[in-house]
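*Asks:* Chains as they are written, first to last, in our numbering: chain A, 4 to 463; chain B, 4 to 463; chain C, 4 to 463; chain D, 4 to 463.
There are 4 protein chains.
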Amino acid sequence: MSASTHSLSWPANAAANRQGNVLSQHINHYGLSQLPSCRDALIEHFQRTRQYSIDFSEPLTPEDQMLQGMADTSPNKWHLAHTTWFFETFILKPQVAEYQSPDERYAFLFNSYYNRVGKQHMRSKRGLLSRPSLDQVLAYRAFVDAAMVQWLENASDEALAECAFLVALGINHEEQHQELMVTDLKYSLSFNLMAPAVARPLPAQQDPGVLRWVPFAGGKAELGHNSETFAFDNEQPRHTVWLQNYQLAERPITNGEFLEFIEDGGYSEPLLWVADGWFWRQSKKIHAPLYWEQEDGQWFRHTLAGRVALDPHATLSHVSWFEASAFAQWQNARLATEAEWEHAAQLSQDDFFGSNGFSNNRFYEPQGCGPIDHSQTPRLRQMAGHVWEWTSSAYSAYPGFKPFAGNAGEYNGKFMANQFILRGGSCATPPGHARATYRNFFYPPDRWQYSGIRLAKDAV
Amino acid sequence: MSASTHSLSWPANAAANRQGNVLSQHINHYGLSQLPSCRDALIEHFQRTRQYSIDFSEPLTPEDQMLQGMADTSPNKWHLAHTTWFFETFILKPQVAEYQSPDERYAFLFNSYYNRVGKQHMRSKRGLLSRPSLDQVLAYRAFVDAAMVQWLENASDEALAECAFLVALGINHEEQHQELMVTDLKYSLSFNLMAPAVARPLPAQQDPGVLRWVPFAGGKAELGHNSETFAFDNEQPRHTVWLQNYQLAERPITNGEFLEFIEDGGYSEPLLWVADGWFWRQSKKIHAPLYWEQEDGQWFRHTLAGRVALDPHATLSHVSWFEASAFAQWQNARLATEAEWEHAAQLSQDDFFGSNGFSNNRFYEPQGCGPIDHSQTPRLRQMAGHVWEWTSSAYSAYPGFKPFAGNAGEYNGKFMANQFILRGGSCATPPGHARATYRNFFYPPDRWQYSGIRLAKDAV
Amino acid sequence: MSASTHSLSWPANAAANRQGNVLSQHINHYGLSQLPSCRDALIEHFQRTRQYSIDFSEPLTPEDQMLQGMADTSPNKWHLAHTTWFFETFILKPQVAEYQSPDERYAFLFNSYYNRVGKQHMRSKRGLLSRPSLDQVLAYRAFVDAAMVQWLENASDEALAECAFLVALGINHEEQHQELMVTDLKYSLSFNLMAPAVARPLPAQQDPGVLRWVPFAGGKAELGHNSETFAFDNEQPRHTVWLQNYQLAERPITNGEFLEFIEDGGYSEPLLWVADGWFWRQSKKIHAPLYWEQEDGQWFRHTLAGRVALDPHATLSHVSWFEASAFAQWQNARLATEAEWEHAAQLSQDDFFGSNGFSNNRFYEPQGCGPIDHSQTPRLRQMAGHVWEWTSSAYSAYPGFKPFAGNAGEYNGKFMANQFILRGGSCATPPGHARATYRNFFYPPDRWQYSGIRLAKDAV
Amino acid sequence: MSASTHSLSWPANAAANRQGNVLSQHINHYGLSQLPSCRDALIEHFQRTRQYSIDFSEPLTPEDQMLQGMADTSPNKWHLAHTTWFFETFILKPQVAEYQSPDERYAFLFNSYYNRVGKQHMRSKRGLLSRPSLDQVLAYRAFVDAAMVQWLENASDEALAECAFLVALGINHEEQHQELMVTDLKYSLSFNLMAPAVARPLPAQQDPGVLRWVPFAGGKAELGHNSETFAFDNEQPRHTVWLQNYQLAERPITNGEFLEFIEDGGYSEPLLWVADGWFWRQSKKIHAPLYWEQEDGQWFRHTLAGRVALDPHATLSHVSWFEASAFAQWQNARLATEAEWEHAAQLSQDDFFGSNGFSNNRFYEPQGCGPIDHSQTPRLRQMAGHVWEWTSSAYSAYPGFKPFAGNAGEYNGKFMANQFILRGGSCATPPGHARATYRNFFYPPDRWQYSGIRLAKDAV
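1. Would you say the stretch 161-180 of chain B touches the stretch 268-286 of chain B, given that touching needs at least three Cβ pairs under 8 Å?
2. Under 7 Å Cβ to Cβ from A150 of chain B, same chain only, skipping five residues before and after it: list those, please.
3. Is there a Cβ of chain B sitting closer than 7 Å to that of Q250 of chain D, yes or no?
4. Determine which residues of the stretch 180-206 of chain A have a Cβ less than 7 Å from any Cβ of chain B, and write them out in chain order.
5. Whose Cβ in chain C lies nearer than 7 Å to the Cβ of T64 of chain D?
6. Is DSSP giving N421 of chain C helix, strand or coil here?
7. Straight-line CA distance for E368 of chain D to V201 of chain D?
8. Tell me whether I375 of chain C is buried or exposed, calling it buried when 16 or more other Cβ atoms sit within 10 Å of its Cβ.
9. Could one say the Cβ of L141 of chain B lies closer than 7 Å to chain A's Cβ atoms, at least one of them?
10. Given a limit of 9 Å on CB to CB distance, which residues of the stretch 46-78 of chain D reach chain C?
11. From which residue to which residue does the alpha helix (DSSP H) around A167 of chain A run?
12. Name, going along the chain, the residues of the stretch 421-454 of chain D whose beta-carbon falls closer than 7 Å to a beta-carbon of chain B.
13. Could you check the C-alpha separation between P434 of chain C and F90 of chain C for me, to the nearest Å?
14. Using CA atoms only, rank isn't needed, just tell me which of D:F113, D:S133, D:D106 and D:Q54 is closest to P65 of chain C.
15. Name the residue from B:A408, B:F93, B:P204 and B:A252 whose alpha carbon lies nearest to the alpha carbon of L214 of chain B.
16. Using only alpha-carbon positions, find the residue among B:F282, B:D106 and B:F235 that is nearest to N415 of chain B.
17. Can you check whether the C-beta of E177 of chain C is within less than 7 Å of a C-beta belonging to chain A?
18. Just grab the DSSP bridge partners of L338 of chain D for me.
19. Is there a C-beta anywhere in chain A that falls below 7 Å from the one on H29 of chain C?
20. Find the nearest neighbour of G388 of chain B within the set B:H346, B:A437 and B:S378, judged by alpha-carbon distance.
21. Below 9 Å on C-beta distance, what does F418 of chain D contact in chain B?
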C-alpha cells in the first residue's frame with residue numbers, strides 16, 4: 004500500500020490477460036460456494052466499509068477535503084470519488100447493462116492510471132479539482148452505492164460468484180484509501196500554522212520501562228498467505244524459508260528513546276547512516292522525525308489534534324527507513340527481515356491479530372504500551388495496529404508469485420523495486436484490514452505514514 | 004505589478020527609512036489640502052474598491068477560492084484576506100489604539116513578506132490554507148471594512164492627511180490584486196478537464212482587416228508621471244528622453260495573425276528566437292500560446308467561460324515576451340520601447356485613457372477591434388484595457404528614481420532585474436487603475452497575464 | 004563494487020572500532036602461519052597487480068587519462084593515484100616510521116572519503132586535476148611500490164601478519180579499480196564523435212542457437228563465503244537458505260535476442276516495466292541499451308575498439324536492471340535470485356571458476372558462447388567473466404553480517420539500500436578477482452558496467 | 004562577449020540573408036580601397052593575433068588545456084581549435100577551391116553552433132575531447148595559418164575586398180576567445196587544491212585613498228560607434244540620447260572597500276538586494292566574491308598565480324551584477340547606465356583609450372590605481388583595461404540596430420534578453436580589442452569574468 008498503490012490501473016489491453024484468469028482461485032474467498040448466505044455478508048461488509056469513509060470525512064469542511072500537500076498525497080474528496088469510481092468501473096458498467104454514470108467525465112477524473120499518454124499531470128494536480136464539488140462527490144457515492152446494493156441483492160448466483168473477488172478487492176482497496184485519507188490529511192494540514200484540530204488528542208502515556216528482547220528459534224519456516232481467504236497477490240504463495248535464530252524487541256521504540264538518538268548526535272554521524280540516507284539527510288536538512296519541531300528547547304509534534312507537546316512514552320512514528328536504519332545502527336542492533344517479523348507474528352498471533360486485535364483509536368496518535376511487568380517472560384506487544392514497522396527487506400516477489408489476473412495485475416507487482424517492506428498495520432489502518440502476512444511497502448525516504456521502529460538482533 | 008509585487012513587504016527596520024519621508028510629496032494625491040471634501044471621495048473609493056473584490060468572488064465556490072495552480076498564483080481567498088490585512092496592518096493597528104484583530108494569527112498567514120527566515124514555504128503553500136474558511140475571511144473583511152470606514156469618518160484632518168497616501172496605496176494595491184484574482188483563477192481552473200465556466204463567453208468578433216502603421220516623429224520627449232495625482236514610485240519622476248522616429252501598429256495582433264506564425268513554423272525556427280527564448284521553448288515543449296490546444300486540427304482555448312473555439316479576430320493574449328519577440332522578428336518588425344509606447348499614448352490619450360477608456364468587460368476575453376475604416380488616417384486603437392503589451396524595455400529605474408518611503412520601499416524597486424515592461428492594461432485591469440505612464444513588469448517566460456503584442460518598427 | 008565502493012573511507016574515529024578487531028579472523032588468508040613462504044607470494048601478487056594497472060594505461064595519452072564522463076566515473080589517472088594512496092595511507096604511514104610522501108597534498112587529493120565537511124565538490128571534479136601530471140602520478144606509484152616491496156621484504160613476521168589483511172585488501176581494492184578503469188574509460192570516450200579505438204575489436208561470433216533451460220532442485224542450501232581465503236565482508240558469513248525448485252537459462256542473452264525485444268515494442272509497453280523503471284525510461288528517453296545507436300536502420304555500438312556494427316551473436320551488455328527486468332517480463336520469465344545463482348554456480352563451479360575460468364580478453368567486448376551441441380544435456384555456460392548478471396535480489400546484509408573492522412567498515416555495508424546484486428564477473432574483471440560468492444551491486448538505472456541478463460523461471 | 008557569444012553560428016539557410024548584404028558597408032574597415040598597402044597590415048594583424056593565442060598557451064600542459072570547469076567555460080585546446088575552424092570555414096573553404104582540411108571531422112567538433120538537432124550535448128562535454136591531442140590541434144592551427152597567409156598574399160584585390168570584413172571579424176573573434184582563455188582557465192584551475200601558478204603574482208598595491216566623484220553635465224549626447232572602423236553590430240548605429248546630470252566615481256571599487264560591505268553584513272541584508280539577487284545569494288550560499296575564501300580570519304584569493312592573500316588596495320573583480328547592485332545600494336549610490344558610462348568615456352578618451360591605454364599586465368590580477376593627488380580636480384581613472392564595469396543597463400538593441408549580414412547575424416542579437424551590459428575591458432582583454440563604444444554582456448549571476456564596480460549617482 005505504497006503511495007503509488009492507491010493508483011490502481013486497469014487498462015483494457017491484451018497484455019492484461021497474459022497470466023490467465025485467476026478468478027477461480029479466489030472465488031471462495033467469501034465462501035461463495037455457500038451462496039447465498041455469503042451474499043448478505045458481502046453486502047454488509049460493502050456498506051460498512053463505504054460508511055466508514057463517510058464517517059471519517061464528516062468533521063472536515065469542503066475546503067479541508069481539497070488539500071493536497073504533495074504529489075504523493077491526494078485530497079480527501081478525491082479518495083471518496085476514486086474508491087467510488089472503482090465499483091462503478093469494475094462492477095456496475097460491466098454487469099449492469101442499463102447503468103448510467105451521473106457524469107461520464109468522472110471516468111477520467113477519478114481514474115488513477117497514469118502510464119498512458121497526456122494525462123500524467125493529473126496526479127500532482129488533484130488538489131485543483133474544485134469541481135465537482137464535495138456535494139456532487141457525495142451524491143456520486145450515494146448513487147453508486149444504491150446501484151451496487153441493488154445489484155448485489157439481485158444478481159444471479161453465477162454473476163455474483165464471478166464478481167465476488169472484484170467486490171472484495173474493491174472493499175480492500177477502499178480500506179487502503181481510508182488509511183491514506185488519515186495520513187494524507189495529516190500531512191496536508193501540517194502546513195497550516197493555525198494547527199487545526201480534527202481529532203481528539205492522545206492522553207498522556209505511561210512509561211513502558213526498559214526495552215527487553217524476545218528470542219526466537221530459527222530453522223525451517225512457512226511464510227506467506229495460504230489463499231483460503233482474501234489476500235493480496237503479493238502475500239502469496241505460502242512458501243518455505245530458512246531462518247537463523249534471532250531476537251525481536253518486545254515493543255516498538257518510543258519518542259523518548261528516539262530523542263536520545265537525536266541528543267547523542269545521531270543525525271550528525273555519517274557512520275550510522277547508509278550512503279543514500281546520509282545524502283537524503285544532508286540535502287533535505289533532516290534533523291528530526293516528520294512533524295517534530297523544537298521551540299525554546301521544548302519539542303512539539305503536529306498531530307490531527309493540533310500541535311501538542313512530545314510525549315516521550317508514546318510510540319514513535321513518522322520516521323523514514325533511513326532514520327530507522329540509523330537508529331538501529333546506533334543501538335548496535337538492526338531491523339528485522341520481513342520473514343523474521345512474520346514468523347514471530349505467527350507464533351504470537353492469538354495475542355494481537357484477533358478480530359479485536361486492532362485498536363479503534365484511529366484518531367489517536369500511536370499509543371505507548373504502558374508499564375510492562377518485568378517479572379514475566381518478555382513477549383511481543385503492539386505488533387498490530389500501532390505503527391507500521393520498517394523491515395530490512397526490500398519489496399520483491401515471493402517465489403512463485405503470480406499477479407492478480409486481468410486489470411488488477413498492476414496492483415502490486417510493478418512496485419517491486421526500490422521500496423522496503425513494512426509490517427503490522429498502524430493506528431490508521433481500518434480494523435480487520437491487515438493481517439500477519441500483510442506486506443506494506445514504501446520508499447526509504449517516505450515518512451508521512453505512521454511508520455516506526457521495532458529493533459531486531461542476532462541470537463546471542 | 005509582477006507576480007511578485009502582490010507580495011508587499013513591510014519590515015520595521017532602520018533601512019526602511021533611509022530615503023526620508025516622502026509622505027509630504029504624496030499628501031495631496033487626494034487633494035487632501037481641500038479636506039474634508041476629499042474625505043468623502045476617499046471613503047467612496049475605498050468602499051467601491053472593496054466591494055468590487057466581493058462582486059468578483061461571488062460566483063465562486065469556497066473550493067474554487069482555494070485553488071493555487073502554481074507558486075506564482077494565489078488562491079482567491081488569500082487575495083481577499085491579504086488585501087484586508089494591508090489596511091489592518093498599516094492603518095488600523097497604528098492609528099486606532101483600541102483596534103483588536105479578529106485573529107492575531109492572520110498577521111502572519113496573510114503577510115506576503117518572504118525574505119525573513121523560516122517562512123518561505125508559505126508562498127507556494129497558500130492553497131493549503133483550508134482554515135480559516137471562506138466565511139471567516141469574509142467576516143474578517145467586513146470587520147476591517149467597518150473599522151476603516153469608522154476611522155475614515157472620524158479621524159482628525161491631520162491624521163487623515165498623514166495616512167491618505169497609505170489609504171490610496173491600499174486601494175491601488177487591492178486593484179492590482181483584483182487583476183491577479185482574474186488571472187490566477189483562470190490559470191488554476193485550467194487544470195480541470197471539466198472546464199468550468201464562471202463568466203460569459205465573448206461573442207464572435209469582426210475581422211479588423213490588414214494591419215496598418217501609425218508614424219510618430221521622434222526628438223525630445225517627456226516620460227513618466229508628473230506626481231500630481233497618485234502614481235507608483237516606479238513611474239516617477241517625469242524626465243526627458245530622446246526618441247528616433249518610429250511607427251506603431253494601429254492595433255494589437257489577433258489570434259488569427261498569430262496562428263499564421265504557428266503555421267509558418269515559427270516555433271521551430273531558432274533564428275527567430277533570442278537564445279534564452281529558444282532554450283525555454285525547447286525545454287518546456289512550447290508550441291502555442293498558453294491555454295491554446297489543438298484537437299483534430301481545430302484550435303480551442305481555455306477561458307473563464309470554459310473551453311471555446313479559437314476566434315481568429317479576437318485579440319491575442321497569454322503569450323510570453325519570448326513569443327512576442329519571435330513573432331515580431333518573423334514580421335521583420337520589433338517590439339516598441341516603453342518610451343515609444345508612452346510617447347504615442349500621450350499623443351492619443353484622449354481617445355483611450357479617459358474615464359471610460361477601460362472597457363467593463365473584465366469577464367470577457369480580450370476583444371478584437373472590429374472593421375477599421377481604411378479610408379481614414381490610421382490611428383492607435385486598443386491601447387488601454389485590452390491586453391498588456393510587451394515592450395522591448397527591461398524594467399529599470401527612471402533617472403532620479405526614489406522608492407516610496409518607509410515600508411512601501413520594497414514595492415517596486417527590488418524587481419528591477421530580469422523583467423520586461425508591459426504597457427496599457429488589460430481586460431482584467433480594474434477601471435481607472437492604469438494610466439499612460441503605468442509600468443507593469445513580468446519575467447520573459449510569464450504567460451498567465453493577459454499579455455499580447457503590438458508591433459513597432461523604425462521610421463521608413 | 005558499486006560506483007560508490009571505489010570510494011573508501013577511513014576516518015580515524017571511535018565508531019570505527021566498534022565491531023572489534025577482526026584482523027585475527029583474516030590473518031591466514033595468505034596462509035601467514037606458514038611465513039615466510041607466503042611472504043613471497045604476497046610480494047608477487049602485489050607486484051603483478053600493480054603492473055596490471057600500468058599495462059592497461061599504457062596505450063592511453065595523458066589527455067585520455069584526464070577524462071571524467073560523469074560524476075560516477077573517475078579519470079584513469081585518478082584511479083592510478085587513489086590505489087597508490089591506499090597502500091601509502093594504510094601500510095606505509097603506520098608501519099614505516101621514516102616514510103615521507105612525495106607530496107603531502109596527495110593525501111587529500113586522492114582520498115575518496117566524502118562524508119566530511121567542505122570537500123564534497125571533489126568527486127565530480129576529479130576530471131579537473133590537470134596537476135599533478137600523469138608523469139608525477141606514475142612517479143608516485145613507483146615511489147610507493149618501491150617502499151612497499153622494501154617493507155614487505157623486511158618486515159618482521161609479526162608486522163607482516165598484522166598487516167597481511169590490509170595488503171590483501173589493497174590488492175583486491177586495486178583489482179576493483181582496474182575494472183572501473185575499463186568501464187569508466189569506455190564511458191568517457193563515448194562522447195567523442197571521433198570514436199577513438201584503444202583496443203582490438205571482437206571477431207564475429209557464432210550463433211549459439213535457441214536458448215535452453217537447466218533445472219535445479221531446491222531445498223536447503225548453503226550461501227556465502229566460508230572465510231578460509233580472502234573475501235569481502237558482504238559475502239560472509241556462510242549461512243543456510245531454502246530454495247524452491249528453479250531453472251536457469253544455459254547462457255546469457257545475446258544482442259540479437261534483445262533486439263527482438265526492441266523490435267516488438269518492449270520499450271513502449273508500460274506493463275512490462277516496474278513503475279520506477281517506466282518513469283526512468285520516459286524521463287531519460289531510453290530506447291536501447293547504453294552505447295547502441297541506430298543509423299539508417301542499422302545498429303551500431305560504441306566500444307573500446309571504436310564504433311562497430313552490432314553483432315547479434317555476441318553477449319548483450321550495458322543494460323540497466325530496469326531493462327533486464329522488463330526483458331524478463333517480456334519473456335514470461337524472471338531474473339534469478341542471488342541465492343539461486345550462487346547455488347547453481349556452486350554445482351557447476353569446476354567448469355568456470357577455476358584459475359583459468361576468467362577469459363583474458365579484457366579488451367574485447369563480451370563474447371558469445373558459440374554453437375551449443377543440443378544433443379547434450381544443457382549445462383550452464385559463461386557464468387564467470389563474461390557479463391555481470393543482474394539478479395532480482397536487492398543488496399542487503401547476510402544474516403550475521405559483520406563489517407570489516409576499523410576503517411574498512413564503510414567498504415560495503417553503507418551501500419545496502421536501493422541497489423541490486425549482480426553476479427559472475429565480466430570481461431573487464433581482472434583474472435582471479437571474482438568468485439562464485441562474489442556480490443557486486445549497482446543502482447537499477449546504472450548501465451556503464453558490463454551488465455547483462457541471464458533468465459530464470461520457476462520449475463515446471 | 005558573453006559566455007554564449009563565443010559560440011558562433013553560421014547556418015547556411017535562407018533566413019540568414021534577410022537583412023541584406025552589409026559587406027559593402029564594412030569594406031573599408033581596413034581601408035581596402037587603398038589596397039594593397041592594407042593587405043600587409045591585415046596579414047600582420049592576423050599573424051600577430053594568432054601568435055598571441057599560442058603565447059598564452061605556452062606554459063600550459065596538454066592536461067591543463069583539457070580543463071572545462073563548467074558548461075559556460077571551454078578548454079583552452081578547444082578555444083585554439085575553434086578559432087582556427089572559423090578561418091577554415093569562412094575563408095578557406097569558400098575561397099580556396101583546392102583546400103583540404105587536415106581532418107573533416109573537425110568541422111563538427113569545433114563548430115560551436117548548437118541550435119540544430121542532436122548535437123547539444125557537446126557544449127558541456129568539450130572537456131571530454133582527449134582526441135585530437137594538443138599536438139594535433141597545434142598542427143591544425145599551423146596548417147590553417149599557412150593556408151591563410153598564402154591566400155591573403157595571393158588573393159585578387161576583389162576577393163580580398165570581398166572577404167576583408169570576415170577576416171577582421173575572425174581576428175576580433177579570436178581576441179574575444181583570448182579573453183575567455185584567461186578567465187576559463189582561471190575558473191577551471193580553481194578546483195585544484197594544489198593551486199597551480201601559471202602567471203606572476205601582482206605586487207602589493209598602493210592605497211588609492213578615499214573615493215571621489217567626477218560630475219558630468221547631461222543633455223543631448225551621441226552614443227554608439229560611427230562605423231568608420233571595425234566594430235560589432237551591437238555597437239551601431241551611432242544615435243542620440245538624452246542624459247540627466249550625473250556623477251561617476253573616479254575609480255573602481257577596491258577589495259578593501261568591498262570587504263567593508265561584507266563586514267557590515269551586506270550579504271545578510273535582503274533590503275540591499277534585488278529580489279532575484281537575494282534568491283541567488285540564498286540558494287547558492289554566496290558570502291563573498293568568487294575566488295575569495297576565509298581561513299582563520301584571513302582572506303585569500305585564488306588567482307592565476309596561485310592562492311594569495313587579499314590585497315585591499317587592488318581593484319575588486321569577480322563579482323556578479325547582483326553583488327555590484329547590492330554594494331551600490333549599500334553605498335546609497337547606483338550603477339551607471341551604459342549611456343552615462345560611454346558619454347563620460349568619450350569626454351576622457353585621450354587618457355585611456357589610446358594605443359597604450361590597455362595595460363600589458365594580462366597575467367596580473369587587476370591593479371589598483373595607487374595614491375591619487377587630491378589637490379587636483381578629480382578625473383576618471385582605470386576606465387579601460389582593468390575590470391569590466393557592470394552597468395544598470397540591460398543588454399538590448401540600439402535604435403536602428405541591424406545584425407551583421409549572413410551567418411554572422413547570430414553573433415550578438417540573439418542574446419538581447421536577461422543580460423546586463425559591462426563596459427571598459429579588463430586586464431584579460433587583448434590590447435587594442437576594446438573601445439569606448441564596446442558592449443560586453445553577461446547574465447546577472449555570472450562572476451568568472453574580471454567584472455568589477457564603478458559607482459554612479461545623480462547630480463547633487
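C-beta: ideal position from N, C-alpha, C; glycine also.
As the structure is a computational prediction, the values presented were derived from the model and not from experiment.
*Replies:* So, to answer that:
1. no
2. The count along the second sequence starts at 1 and reaches residue 150 of chain B at position 147. L95, V99 and Y102.
3. In the fourth sequence, counting from the first residue as 1, residue 250 of chain D sits at position 247. No, Q250 of chain D lies away from the interface with chain B (no Cβ there is under 7 Å from its Cβ).
4. S191, F194, N195, L196, M197 and P199
5. If you number the fourth sequence from 1, residue 64 of chain D lands on position 61. Residues of chain C passing the Cβ test: S133 and S136.
6. Position 418 of the third sequence holds residue 421 of chain C. N421 of chain C: coil per DSSP, three-state reduction.
7. Mapped onto the fourth sequence, residue 368 of chain D falls at position 365. Mapped onto the fourth sequence, residue 201 of chain D falls at position 198. Taking the straight line from one Cα to the other gives about 12 Å.
8. Position 372 of the third sequence, counted from the start, is the residue given in the question as residue 375 of chain C. The residue in question, I375 of chain C, is buried, as its Cβ has 16 or more Cβ neighbours within 10 Å.
9. What you label residue 141 of chain B is simply residue 138 of the second sequence in a count that begins at 1. It does not: the Cβ of L141 of chain B has no partner Cβ on chain A nearer than 7 Å.
10. L63, T64, P65, E66, D67, Q68, M69, L70, Q71 and G72
11. Position 164 of the first sequence, counting from 1, holds the residue named residue 167 of chain A. Residues D160 to L192.
12. N421 and P447
13. Taking the third sequence and counting its residues from 1, one reaches residue 434 of chain C at position 431. Taking the third sequence and counting its residues from 1, one reaches residue 90 of chain C at position 87. Each residue's alpha carbon lies about 21 Å from the other.
14. Against the third sequence, residue 65 of chain C aligns to sequence position 62. Taking only the C-alpha atoms, the option nearest P65 of chain C is D:S133.
15. Start at 1 with the first residue of the second sequence, and residue 214 of chain B comes out as number 211. When each option's Cα is compared against that of L214 of chain B, the closest is B:A252.
16. What you label residue 415 of chain B is simply residue 412 of the second sequence in a count that begins at 1. If we check each option's Cα against that of N415 of chain B, B:F235 comes out closest.
17. Start at 1 with the first residue of the third sequence, and residue 177 of chain C comes out as number 174. Chain A contact via Cβ: absent.
18. The sequence position of residue 338 of chain D within the fourth sequence is 335, counting from 1. The partner list for L338 of chain D (beta bridge, DSSP) reads D:L458.
19. Counting from 1 along the third sequence, the entry for residue 29 of chain C is found at position 26. At H29 of chain C, the pLDDT of 40 sits below 50, so the modelled position is not reliable and the matter cannot be decided from this model.
20. For the purposes of this step, residue 388 of chain B is taken as residue 385 along the second sequence, with counting starting at 1. The residue with the shortest Cα to Cα distance from G388 of chain B is B:A437.
21. Residue 418 of chain D sits at position 415 when you count from the first residue of the fourth sequence. Correct list: V277, A278 and D279.
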